[in-house]
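Per the numbering used here, the sequence shown starts with residue 1, numbered consecutively.
Just so it is clear, CB atoms sit at the ideal spot from N, CA and C, and this is done for glycine as well.
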Amino acid sequence: MKNKEIKILLSAPRGFCAGVERAIEIVKKSIKKYGAPVYVRHEIVHNKYVVDSLKAIGAIFIEELEEIKDKTRPVIFSAHGVPKAIPLQATKYKMEYIDATCPLVSKVHREAENLYKAGYHIILIGHNNHPEVIGTMGQLPEGAIDLIQDEHDVEAYELDQNKKIGYTTQTTLSIDDTQNIIKALKKKFPEIKAPFKEDICYATTNRQSAVKNIAKQCDMFFVLGSRNSSNSVRLVEVAEQAGCAHAELIHSESEIPFEQLLNCKTIGISSGASAPEILVEDFINKLKNKFQIKIEEVEIIKENIVFKVPSKLN
Ligand code: SF4
1 MKNKEIKILL
11 SAPRGFCAGV
21 ERAIEIVKKS
31 IKKYGAPVYV
41 RHEIVHNKYV
51 VDSLKAIGAI
61 FIEELEEIKD
71 KTRPVIFSAH
81 GVPKAIPLQA
91 TKYKMEYIDA
101 TCPLVSKVHR
111 EAENLYKAGY
121 HIILIGHNNH
131 PEVIGTMGQL
141 PEGAIDLIQD
151 EHDVEAYELD
161 QNKKIGYTTQ
171 TTLSIDDTQN
181 IIKALKKKFP
191 EIKAPFKEDI
201 CYATTNRQSA
211 VKNIAKQCDM
221 FFVLGSRNSS
231 NSVRLVEVAE
241 QAGCAHAELI
251 HSESEIPFEQ
261 LLNCKTIGIS
271 SGASAPEILV
281 EDFINKLKNK
291 FQIKIEEVEI
301 IKENIVFKVP
311 SKLN
């Protein structure tokens, strides 16, 4: 194996986005300010490595506020956003809370609220049960938002004729699939109101475009990220749709398919917005132990977006 040469096309940008960096920083700064433990509602970002490293410094992850035994401790809401009922519940429990919702998710929340106030019925394009979708739908009274997951849902969707409609989307969807859904919506409801600015975020857009740019040249494509990370799973799909015959998600329990790599000349690597760069480095180091590796980074755009943490943590 050791003589086998493999070229790695390293997709860039990849890995952490500004929303994820901010959410992790919020947990670290909260532990520093309040001491351990600090509770975090849901995985702060969908990555096991990140969650484990925060557990090690004093974060306790829970799914619902009821689970918190000591309610004198602060609680942080994850980057995916929460329904409005959650901060209200924290207030009822007299708990201090810190909201780590990504500002780009909050933007979608405000957009949905504005549409609702202007008398629109809202269609949210997204994945059922994803925490971001639960959070966005929970910004408004039940029945104000309908979820649409694909073009079949658009076909089957029936609307009261007297209603005006508008749409918003989850931030981490596939750009191409979403465009097709929007096209179908516009065909069925020509008057539908589009968001003022695209809801799929800059990080999702850049990571997908970067993968699309190189996937066709790759015999295999690997995306480092967790199984429950929407944007990581989308990157695998994008690599396949862009012409790579074999794309895989490499998550914490995955085995590297060394045998299959023997048939590869070029492989692609990217990582989801919640996956730290160390996972990419470890993966490449494992490959270096077995093969002769040449690395070429292919960057399509430089990112310089930074989101500030809440001022009370500074
Ligand atoms: Fe925010 Fe986009 Fe990152 Fe999600 S993927 S946390 S919306 S920047």
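At a cut-off of 6 Å, is residue i close to ligand 1 when judged by its beta-carbon and the heavy atoms of the ligand?
i           : result
residue 171 : yes
residue 79  : yes
residue 280 : no
residue 105 : yes
residue 102 : yes
residue 273 : yes
residue 203 : yes
Taking the alpha-carbon positions, what's the residue i to residue j distance?
i           : j           : result
residue 65  : residue 88  : 11 Å
residue 112 : residue 308 : 23 Å
residue 253 : residue 182 : 36 Å
residue 133 : residue 170 : 7 Å
residue 146 : residue 123 : 5 Å
residue 212 : residue 238 : 6 Å
residue 282 : residue 304 : 25 Å
residue 325 : residue 141 : The requested residue 325 is not part of the displayed model; the chain covers only 1 to 314.
residue 38  : residue 59  : 5 Å
residue 52  : residue 12  : 26 Å
residue 280 : residue 121 : 43 Å
residue 186 : residue 312 : 44 Å
residue 178 : residue 189 : 16 Å
residue 27  : residue 207 : 25 Å
residue 150 : residue 125 : 8 Å
residue 284 : residue 63  : 34 Å
residue 295 : residue 22  : 30 Å
residue 74  : residue 163 : 42 Å
residue 290 : residue 261 : 10 Å
residue 98  : residue 288 : 42 Å
residue 135 : residue 263 : 44 Å
Find the nearest neighbour of residue i within the set the options, judged by alpha-carbon distance.
i           : options            : result
residue 139 : 77, 110, 128       : 110
residue 14  : 124, 311, 299      : 299
residue 215 : 248, 187, 204      : 248
residue 54  : 310, 35, 24        : 24
residue 152 : 250, 26, 184, 175  : 184
residue 200 : 217, 220, 277, 173 : 173
residue 143 : 131, 150, 127, 160 : 160
residue 275 : 49, 295, 99, 148   : 49
residue 17  : 277, 244, 228, 263 : 277
residue 3   : 19, 242, 292       : 292
residue 175 : 294, 242, 94, 97   : 242
residue 227 : 272, 306, 19, 205  : 272
residue 19  : 286, 45, 287       : 45
residue 302 : 260, 202, 264, 251 : 202
residue 1   : 165, 257, 29, 306  : 257
Relative to ligand 2, is the shortest distance from any of its heavy atoms to the C-beta of residue i smaller than 6 Å?
i          : result
residue 19 : Judged by which ligands are present, ligand 2 is missing from the structure shown, whose ligands are ligand 1.
If we cut at 7 Å on Cβ distances, does residue i have a partner in chain B?
i           : result
residue 263 : The structure shown has no chain B; it contains just one protein chain.
Checklist entry - Where in the segment 179-257 do unbroken runs of the beta strand (DSSP E), each at least 3 residues long, occur, reported from the N-terminal end onward? => result Annotation note: the segment 179-257 contains the following uninterrupted beta strand (DSSP E) runs of length 3 or greater, listed N- to C-terminal: 220-224, 247-250.
Checklist entry - Taking only runs of the beta strand (DSSP E) that begin and end inside the segment 24-66, which ones reach a length of at least 3 residues, in chain order? => result Correct list: 38-41, 59-62.
Item to check | Residue ranges of each beta strand (DSSP E) within the segment 271-299, 3 or longer | outcome: Qualifying beta strand (DSSP E) stretches, in chain order: 292-299.
Next on the checklist: Does the structure place the segment 184-200 close enough to the segment 222-238 that three or more beta carbon pairs sit under 8 Å?
Outcome noted: The segment 222-238 makes no contact with the segment 184-200: fewer than 3 CB pairs, one atom from each, lie closer than 8 Å.
Next on the checklist: Closer than 8 Å is the cut-off here; do at least three beta carbon pairs connect the segment 254-274 with the segment 2-9?
Outcome noted: Result yes; three or more Cβ-Cβ pairs closer than 8 Å.
Item to check | Three CB pairs or more closer than 8 Å across the segment 97-109 and the segment 70-89 | outcome: In short, these stretches touch, since the Cβ pair count reaches three.
Item to check | At least 3 beta-carbon pairs within less than 8 Å: the segment 155-174 vs the segment 67-76 | outcome: As far as the Cβ criterion goes, the segment 155-174 does not touch the segment 67-76, which means the pair count is below three.
Item to check | 3-residue-minimum beta strand (DSSP E) runs that sit fully inside the segment 72-124, ordered along the chain | outcome: As summarised for the segment 72-124, the continuous beta strand (DSSP E) elements at least 3 residues long and confined to that stretch are 75-77, 97-99, given in chain order.
Checklist entry - Enumerated in chain order, which unbroken segments of the beta strand (DSSP E) with a length of 3 residues or greater are wholly contained in the segment 149-177? => result Entirely contained in the segment 149-177, the beta strand (DSSP E) runs reaching 3 residues are, in chain order, 164-169.
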